[in-house]
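Each residue of the sequence shown is one higher than the one before, starting from 1 at the first, in our numbering.
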Amino acid sequence: MLASSFTQAADDCGKVTIADMNWSSATLIANVDRFILEHGYGCEAELVPGDTMPTGTSMIEKGEPDVAPEMWSNSMKDALDKGVAEKRLRYAGNSLSDGGEEGFWVPEFLVNKYPELATIEGVKKHAKLFTHPEDPDRFAFYGCPAGWNCQISAGNLFNAMNLEDSGFEMIDPGSGAGLAGSIAKAFTREEAWFGYYWAPTAVLGKYKMVKVDFGSGVDKEEFVNCTSSEDCENPKPTMYPPSVVQTVTTETFAAKSPTAYDYVANRSFTNNQMNGLLAWMEDNQADGEVAAEHFLTEYESSWTAWVSPEVAAKVKAALQ
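Structure (structure tokens):
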């Protein structure tokens, strides 16, 4: 009985490519999806390297990969919406049920000492606190690693608030690990730090940070049309809108594999849950595959709610 139902599921599902994005929460979700789709639905599931812009573009233009498990869709909303309208893509559901949070941050211990640092004007006033690692005449703002989509928005907001005029220079941390390491180092030494970061992350779960208020409110239209665009010539200050973090699939996958599609549409993590998982990954130096096994073993009540009892039984059997 098990073999025949497996074959039927495999016929329904076939080969599925899943974007394995290069940050911890995304690689965790991708590995959870791979395991459940393979063992629960009989898919021939394969992880392929991914990142926001190239993955979204490839899905629209080439129809692959089939699934992007954690797409911060604000960053290329127009292109994705067009892909959906043209029946190339489908928004399956929210991979992070609370959405993502982006901003410029400073350590809480610093704000306790200088309360005005909770505002961008206060940061400019106390610019000398944020020493540059290489240039004593400049002050440090840690931006996004080169090639990450947030590099565009962070750069535009850096310019919109004239931070260079206050002596700041944008530092490329080189990688996500480099950016996280700069925060950890600042907290270990109780030194000032100012830069871009996002949640949910192990870093913001571990280190208490305050999001800097730009005094602008959220101008969603400005963010979508200019802040997040490389062609933005005259950026204006705006807080980051809460980020919709979605699972995006190709229309082909959704139509061909409706039961597998239903799983990715139902699968969603809260920020609290994800922060805990990310902290566990960091503390245990776990990659996405190890973290997925930890999640499937320790959070059974969460993932079994996303699938049928039959699928849950197959996944549990595979875990053993």
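Yeah, the Cβ is synthetic: ideal placement off N, Cα and C, and Gly gets one too.
If you're wondering where the values come from, they're calculated on a predicted model, not measured in any experiment.
{"Item": "Three-pair Cβ contact test at 8 Å for the stretch 99 to 109 versus the stretch 187 to 207", "Value": "yes"}
{"Item": "Pairwise C-alpha distance: A312 and A304", "Value": "Before going further, note that residue 304 is Thr rather than Ala in the sequence given. If I take the Cα positions, the gap works out to 6 Å."}
{"Item": "Length at least 3, wholly inside the stretch 24 to 99: the beta strand (DSSP E) runs in chain order", "Value": "44 to 50, 67 to 72, 89 to 94"}
{"Item": "Alpha carbon of L80 to alpha carbon of G195, nearest angstrom", "Value": "28 Å"}
{"Item": "Assumed close pair D12, T250 - CB separation to whole angstroms, cut-off 8 Å", "Value": "Actually they do not touch by this definition, with Cβ atoms about 16 Å apart."}
{"Item": "Ordered list of alpha helix (DSSP H) runs contained in the stretch 185 to 246, each at least 4 residues", "Value": "202 to 206"}
{"Item": "Per-residue burial, P69 [other beta carbons within 10 Å of its own, 16 or more giving buried]", "Value": "buried"}
{"Item": "Supposed close pair G288, D20 - CB separation, criterion 8 Å", "Value": "7 Å"}
{"Item": "Candidates C144, K211, M161, of which the one nearest L179 by Cα", "Value": "C144"}
{"Item": "Cβ-based neighbour list, S175, same chain, cut-off 6 Å, excluding 5 preceding and 5 following", "Value": "P145"}
{"Item": "CB-CB length for Y41 against Y263, believed under 8 Å", "Value": "7 Å"}
{"Item": "Straight-line Cα distance separating N22 from F6", "Value": "Model confidence at F6 stands at a pLDDT of 42, short of 50, so the residue's coordinates are unreliable; what they give is reported in the following sentence. Looking at the two C-alpha atoms, the distance is approximately 31 Å."}
{"Item": "Beta-ladder partner(s) of Y142, from DSSP", "Value": "I171, G195"}
{"Item": "Close Cβ partners of E44 (< 8 Å) along its chain, the five nearest in sequence each way excluded", "Value": "A10, C13, G14, K15, V16, E38"}
{"Item": "Buried versus exposed call for T270 [16 or more other C-beta atoms within 10 Å across all chains shown]", "Value": "exposed"}
{"Item": "Own chain residues within Cβ distance below 8 Å of A265, not counting five before or after", "Value": "A92, G93, T247"}
{"Item": "Straight-line gap, F78 to R189 (C-alpha atoms, nearest Å)", "Value": "For the sequence presented, residue 78 should be read as Asp rather than Phe. Each residue's Cα considered, the two are about 43 Å apart."}
{"Item": "Collapsed DSSP secondary structure at M274 in the structure displayed", "Value": "helix"}
{"Item": "Short Cβ contact (9 Å threshold) for S321 with L278", "Value": "Residue 321 lies beyond the range of the chain shown here (1 to 320); nothing can be said about it."}
{"Item": "Identity of the residues DSSP links to G103 by a beta bridge", "Value": "Y197"}
{"Item": "Rounded straight-line distance, which links the Cα of P54 to that of K82", "Value": "16 Å"}
{"Item": "P258, buried or exposed, once every other Cβ within 10 Å from all chains shown has been counted against 16", "Value": "exposed"}
{"Item": "DSSP bridge partner residues for A180 (one or two, in chain order)", "Value": "Note: A180 sits in no beta bridge, so no partner."}
{"Item": "L319 burial status per 10 Å Cβ neighbour count (16 or more: buried)", "Value": "exposed"}
{"Item": "Start and end residues, beta strand (DSSP E) containing D20", "Value": "15 to 21"}
{"Item": "Burial state of K185, where buried means 16 or more other Cβ atoms lie within 10 Å", "Value": "exposed"}
{"Item": "Backbone secondary structure at V248 - three-state DSSP", "Value": "strand"}
{"Item": "Rounded distance between the beta-carbons of K211 and G103, thought under 8 Å", "Value": "4 Å"}
{"Item": "Same chain, Cβ closer than 7 Å to W72, five either side skipped, listed in chain order", "Value": "T52, G100, S243, V245"}
{"Item": "Per DSSP, cross-strand counterpart(s) of F269", "Value": "L96"}
{"Item": "Environment of E230 [buried if 16+ CB atoms lie within 10 Å]", "Value": "exposed"}
{"Item": "Rounded Cβ spacing between F139 and A127 (contact assumed at less than 8 Å)", "Value": "5 Å"}
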